[in-house]
Amino acid sequence: MLSSANLVSGARACTRSQVIRPSAFGGLLGSPVASLHRQARRSTEPCSIAEPLSWTRSSIAGLLAAGLLASGSVRPLSASAVVNMAAAVDPKTVPTAKLNSGYSIPLVGWGTFSANEELGTKSTHTALEAGYRFIDTGVVYGNEGDIGKALKEELSSGKIKREDLFICSKLNQDQHAESAAYDAVKGSLKALNLDYIDLYLIHWPLTDKPGPELNPPAQETWKGLERAVDEGLVRSIGLSNFSPEKTEKWLKDARIKPSVNQVEVHAHYRNEHVRDWAKKNGVHVTAYSPLSSPALVKEMGMDFPELMQDKTVLELSKKYNKLPSQVLLRWGIQNGTSIIPKSTNAEHQKENINIFDFELSPEDYQKLSSFTFQGKTQNGEGWAYQEKGPWTTYEELWDEPEPAQQPHPKS
Ligand SMILES: NC(=O)c1ccc[n+]([C@@H]2O[C@H](COP(=O)([O-])OP(=O)(O)OC[C@H]3O[C@@H](n4cnc5c(N)ncnc54)[C@H](OP(=O)(O)O)[C@@H]3O)[C@@H](O)[C@H]2O)c1
1 MLSSANLVSG
11 ARACTRSQVI
21 RPSAFGGLLG
31 SPVASLHRQA
41 RRSTEPCSIA
51 EPLSWTRSSI
61 AGLLAAGLLA
71 SGSVRPLSAS
81 AVVNMAAAVD
91 PKTVPTAKLN
101 SGYSIPLVGW
111 GTFSANEELG
121 TKSTHTALEA
131 GYRFIDTGVV
141 YGNEGDIGKA
151 LKEELSSGKI
161 KREDLFICSK
171 LNQDQHAESA
181 AYDAVKGSLK
191 ALNLDYIDLY
201 LIHWPLTDKP
211 GPELNPPAQE
221 TWKGLERAVD
231 EGLVRSIGLS
241 NFSPEKTEKW
251 LKDARIKPSV
261 NQVEVHAHYR
271 NEHVRDWAKK
281 NGVHVTAYSP
291 LSSPALVKEM
301 GMDFPELMQD
311 KTVLELSKKY
321 NKLPSQVLLR
331 WGIQNGTSII
341 PKSTNAEHQK
351 ENINIFDFEL
361 SPEDYQKLSS
371 FTFQGKTQNG
381 EGWAYQEKGP
391 WTTYEELWDE
401 PEPAQQPHPK
411 S
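Residue 1 is where the sequence shown starts when you use my numbering, and the numbers rise one by one after that.
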């Protein structure tokens, strides 16, 4: 279980009493919806609608996108479509972006929050088989060791070469002191069974210490990370959940510039504030929760519209003959970010990286960039805003006004 200290950097919109349990997410994996999706994707026979009452809009959307439902009628899915959807990709065909450190980051990575223990190790293998080479983890996820176990097996078997991987991890909120940041890197290296990490981030501008300023200051944390770069333990360093204002205030004169800011971005939260600044300043943006974190939203009972079930997304899914998830992830790539969809379902993992054989037209990209609903699934409410600071409100943490429609957990 996560401690209260690491709960805050757990990147979750939960109250202190609502600790995220990976098992709670795992429970969704065996749901009737997931199983219906699996059946739909594998079947080459007309689908039999035996349990209409258990269907959700998402399962219908999946079937629609998979070509199983057309204009309300049921028709068979061709075998080739299923094979195409489930195929692994050649990692060499996954595009990359050049970071200001000189290294390249693949545009699709595997997000790993809540992929723990056996499932974390197994899903690391299936992610690598699917063609992912970029893996996103963090100290607070508690799964670096599970991932490291699989990496050791893959690297020692010779199936994967170290230079082909791009591993990102993040330090926790109790690791912000200069020496603690440096030690965090060493701890991650050990757990991941690696001798260097490609990208290391400060997970949140939070240290769980009340007061008017972030304590220890981010400049100190950064020096610890710069030392790790100097010693070859890390190749690129960056931030996560940092506003442009905080980045400029604290790291304007940093010896090594941040390469990446990892923040929430999806069609229901375009995050233009961060993306525009990053573009002007040569900082790459990685979009987390690119599917708008449906399991978290459900788990937290948040009043958040379901992106994969949005009418426009479903229309485009049908038009391009791609799954709603693939349409949304493709939008993320065309948006100029790398994306890190999380899945511990091997089929979803393959689907999520199979997005380079189609392109959204400028008009369709624009449609997905025009949703009036905008809100973060992880806004810090209930855990990052503290009465005694440093951040007491949404505006203080994010340095921008709270969107008018920002959803809140249902009480
Ligand atoms: N830096 C930060 O503070 C921060 C914060 C949040 C997240 N992250 C990173 O970003 C990653 C992704 O974010 P996220 O996990 O919040 O949300 P997400 O990737 O938007 O959504 C993940 C959810 O979508 C489901 N899913 C994935 N692919 C699917 C598909 N093809 N069809 C249907 N459902 C699908 C997953 O379930 P299944 O597993 O069943 O497929 C899971 O429940 C995290 O794992 C983590 O690595 C970073």
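Cβ atoms here follow ideal geometry from the backbone N, Cα and C, with glycine treated the same way.
Limits of the unbroken beta strand (DSSP E) element including residue i
{"i": "A287", "result": "284–288"}
{"i": "S169", "result": "166–171"}
{"i": "E395", "result": "Unbroken run through E395 is the alpha helix (DSSP H), 394–398; no beta strand (DSSP E)."}
{"i": "Q262", "result": "260–264"}
{"i": "A97", "result": "96–98"}
{"i": "W110", "result": "109–111"}
{"i": "S104", "result": "104–106"}
{"i": "D174", "result": "Premise fails: D174 is in no beta strand (DSSP E) and is neither H nor E."}
{"i": "L201", "result": "197–202"}
{"i": "D276", "result": "Where D276 is concerned, there is no enclosing beta strand (DSSP E), although the alpha helix (DSSP H) it sits in stretches over 272–280."}
{"i": "I160", "result": "That residue, I160, is in no beta strand (DSSP E); it is neither H nor E in DSSP."}
{"i": "D136", "result": "134–136"}
Residue i burial status per 10 Å Cβ neighbour count (16 or more: buried)
{"i": "D253", "result": "exposed"}
{"i": "R133", "result": "buried"}
{"i": "D276", "result": "exposed"}
{"i": "L397", "result": "buried"}
{"i": "A50", "result": "With a pLDDT of only 23 at A50, under the threshold of 50, the placement of this residue in the model should not be trusted; the figure read from the coordinates follows. Its Cβ having fewer than 16 others within 10 Å, A50 is exposed."}
{"i": "P106", "result": "buried"}
{"i": "E363", "result": "exposed"}
{"i": "T137", "result": "buried"}
{"i": "Q366", "result": "exposed"}
{"i": "D90", "result": "exposed"}
{"i": "G211", "result": "exposed"}
{"i": "G109", "result": "buried"}
{"i": "S240", "result": "buried"}
{"i": "R440", "result": "Residue 440 cannot be examined here, being either before or after the span of the chain that is shown, 1 to 411."}
{"i": "S370", "result": "exposed"}
{"i": "E387", "result": "exposed"}
Residue i vs residue j beta-carbon contact at 8 Å
{"i": "T221", "j": "H266", "result": "no"}
{"i": "E248", "j": "A191", "result": "no"}
{"i": "V263", "j": "V297", "result": "no"}
{"i": "P283", "j": "V260", "result": "Before going on, a small fix: residue 283 reads as Val here, not Pro. Contact: yes."}
{"i": "S169", "j": "Y200", "result": "yes"}
{"i": "L442", "j": "T344", "result": "Residue 442 lies beyond the range of the chain shown here (1 to 411); nothing can be said about it."}
{"i": "Q454", "j": "I355", "result": "The first residue shown for the chain is 1 and the last is 411, placing residue 454 beyond what the model contains."}
{"i": "L314", "j": "P324", "result": "yes"}
{"i": "P341", "j": "L291", "result": "yes"}
{"i": "L233", "j": "K280", "result": "no"}
{"i": "P403", "j": "E395", "result": "no"}
{"i": "Y141", "j": "S236", "result": "no"}
{"i": "I353", "j": "V139", "result": "no"}
Proximal residues to residue i (C-beta, below 7 Å), its chain only, five neighbours per side dropped
{"i": "K350", "result": "A86, A87, A88, A130"}
{"i": "P22", "result": "Annotation note: pLDDT 28 at P22 (below 50); position unreliable, coordinate value reported separately. Only S114, N116 meet the Cβ criterion."}
{"i": "K149", "result": "T121"}
{"i": "L214", "result": "P205, T207, P390"}
{"i": "A181", "result": "L171, Q175, T221, G224, L225"}
{"i": "A218", "result": "I202, P205, W250, L251"}
{"i": "I167", "result": "I135, L192, L194, I197, D198"}
Start and end residues, alpha helix (DSSP H) containing residue i
{"i": "Y141", "result": "Premise fails: Y141 is in no alpha helix (DSSP H) and is neither H nor E."}
{"i": "Q219", "result": "218–230"}
{"i": "S240", "result": "Note, S240: premise wrong, no alpha helix (DSSP H); beta strand (DSSP E) at 234–240."}
{"i": "V327", "result": "324–334"}
{"i": "G187", "result": "178–192"}
{"i": "P91", "result": "Per DSSP, P91 belongs to no alpha helix (DSSP H) and is neither H nor E."}
{"i": "P244", "result": "244–251"}
{"i": "I353", "result": "346–353"}
{"i": "L500", "result": "As shown, the chain starts at 1 and ends at 411. That puts residue 500 outside it, with no answer to give."}
{"i": "L296", "result": "294–299"}
{"i": "K318", "result": "311–320"}
{"i": "L128", "result": "117–130"}
Cβ-based neighbour list, residue i, same chain, cut-off 6 Å, excluding 5 preceding and 5 following
{"i": "A287", "result": "V265, G332, T337, I339"}
{"i": "K376", "result": "E264, Y269"}
{"i": "E245", "result": "D399"}
{"i": "D164", "result": "R133"}
{"i": "Q406", "result": "G375"}
{"i": "P216", "result": "H176, A177"}
{"i": "L368", "result": "A267, W331"}
Cβ-based neighbour list, residue i, same chain, cut-off 8 Å, excluding 5 preceding and 5 following
{"i": "S71", "result": "Note that S71 scores a pLDDT of 28, beneath 50, so its modelled location is shaky; the value from the coordinates is reported in the next line. Counting only Cβ-Cβ distances below 8 Å, and skipping sequence neighbours, we find nothing."}
{"i": "A127", "result": "W110, I135, Q349"}
{"i": "Y385", "result": "W391, T392, T393, Y394, E396, L397"}
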